[in-house]
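Numbering (the numbering used here), first residue to last: 395 to 772.
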Ligand code: SF4
């Protein structure tokens, strides 16, 4: 399964193929570096930050409550709700009542949530209407996600997340976009690893790098497949264009279209970014937006160029982080001070010692490449 994009001006050709999960795990164990959107964005935000945080896994954030990354935790918990909601639609699809299909979905859900949580979700009474039943089922996933309120964050509370998720369900059911199920493929929380090859016209060189990620939903819209990306946002998403415009050319969205095309072996040119505002606005239904994004082959070529440019920047400084450029315009991104300001303020000769003393905090989307996840992915 692969797709090819060509830069008509330069003749550069990009071939993108799906790496099976078991092979990816083996490569990971053998030290292969995989790039995901977060890592590459960090490199482009500031090479020093990207290399310290995502290559050396260093952090200066203290291990206490105030060090919680509430936006990430809240997003993660809500994603459990979204995944459960998608699973519910499959389990309750009137056209798919056959035992084999139902058992496949049950087994997929069990692998995703673990036996105990899945059992709890399955025990939720289903004696109400369709939307209410789905909400109750998915709320159990939200409540068992491990999220707990932080007194210093009054926006991202369980109660606000519940309200946003309930409003999201109404919008979700209006959209009529069934989950795509094709052979062994179930379009919910789809992990992927792509091999990206760049070939030059004069064939003097070939570059290979690996991109990985996870698609929240692969669904059917009309007669074609779309990729769906859920987003939670603390900003108003309905009243300004700023939120929508963030996805107009987003490399993250393009990457999902590229991955969807490779996974399904046919072009996937459209994506829905499904935004949920937390806390929801006064009119809760204004807090959910499904933004349609379209990608052309030209966008995919640009994505490949962005990918290799970012990988090149990473490779240039991974072994010599004290020589990575300091993009000082990023030191107070999102209006909070970068955790590495003390490191960056130190003389270069002291920085290696400083590096040794920093705490390690490693996370990668490939963490899900465990035996269980691999079974769940195929
Ligand atoms: S403090 Fe500034 S220069 Fe240093 S890593 Fe952070 S963003 Fe980059």
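Each residue gets a CB set at the ideal place from its N, CA and C atoms; glycine is no exception.
A quick note: this is a predicted structure, and the numbers were derived from the prediction, not measured.
Range of the contiguous beta strand (DSSP E) that encloses residue i
| i | result |
| --- | --- |
| residue 607 | 600 to 615 |
| residue 626 | 618 to 627 |
Close Cβ partners of residue i (< 8 Å) along its chain, the five nearest in sequence each way excluded
| i | result |
| --- | --- |
| residue 525 | 563, 564, 567 |
| residue 398 | 407, 408, 409, 410 |
| residue 748 | 736, 737, 740 |
| residue 776 | Any answer about residue 776 is impossible in this case: the structure gives the chain only from 395 up to 772. |
| residue 362 | A query on residue 362 cannot be resolved here, the shown segment of the chain reaching from 395 to 772 and no further. |
| residue 600 | 591, 592, 593, 594 |
Cutoff 6 Å; reference residue i; Cβ partners in own chain excluding five residues on either side
| i | result |
| --- | --- |
| residue 595 | 405 |
| residue 448 | 433, 436 |
| residue 459 | Note that residue 459 scores a pLDDT of 46, beneath 50, so its modelled location is shaky and nothing firm can be said. |
| residue 674 | 557, 558, 561, 681 |
| residue 452 | 446, 752 |
| residue 694 | 399, 652 |
| residue 499 | 484, 485 |
| residue 638 | 685 |
| residue 402 | none |
| residue 551 | 543 |
Contact test: residue i Cβ vs the ligand SF4 heavy atom, cutoff 6 Å
| i | result |
| --- | --- |
| residue 455 | no |
Spatial neighbours of residue i in its chain, beta-carbon cut-off 7 Å, leaving aside the 5 residues before and after
| i | result |
| --- | --- |
| residue 518 | 530, 531, 534 |
| residue 766 | With a pLDDT of only 43 at residue 766, under 50, the local geometry of the prediction cannot be trusted, and no value is derived from it. |
| residue 512 | 503, 504 |
| residue 478 | 515, 531, 532, 535 |
| residue 659 | 395 |
| residue 462 | 544 |
| residue 654 | 609, 612, 619, 621, 662 |
| residue 754 | 451, 452 |
Residue i - containing alpha helix (DSSP H), residue span
| i | result |
| --- | --- |
| residue 566 | 552 to 568 |
| residue 681 | Taken as a continuous stretch (DSSP letters only), residue 681 belongs to no alpha helix (DSSP H), as it is neither H nor E. |
| residue 721 | From DSSP, residue 721 is part of no alpha helix (DSSP H); its letter is neither H nor E. |
| residue 571 | Neither: residue 571 is in no alpha helix (DSSP H) and is coded neither H nor E. |
| residue 646 | 645 to 658 |
| residue 527 | 524 to 537 |
| residue 495 | 493 to 507 |
| residue 739 | 735 to 739 |
| residue 441 | 441 to 448 |
| residue 424 | First-last for residue 424: undefined, no H or E at that position. |
| residue 752 | Counting along the chain, residue 752 falls outside any alpha helix (DSSP H), and DSSP gives it neither H nor E. |
| residue 636 | 635 to 639 |
Bridge partner(s) assigned by DSSP for residue i
| i | result |
| --- | --- |
| residue 664 | 688 |
| residue 588 | 412, 605 |
| residue 579 | 576 |
| residue 593 | 407, 600 |
| residue 397 | 410 |
| residue 805 | Nothing in the structure corresponds to residue 805, since the chain is present only between 395 and 772. |
| residue 671 | 627 |
| residue 483 | DSSP lists no partner for residue 483. |
| residue 452 | 754 |
Q: Under 6 Å from any heavy atom of the ligand SF4, by CB: list those residues in chain order, please.
A: 440, 442, 443, 720, 721, 722, 724, 725, 732, 734, 735, 738
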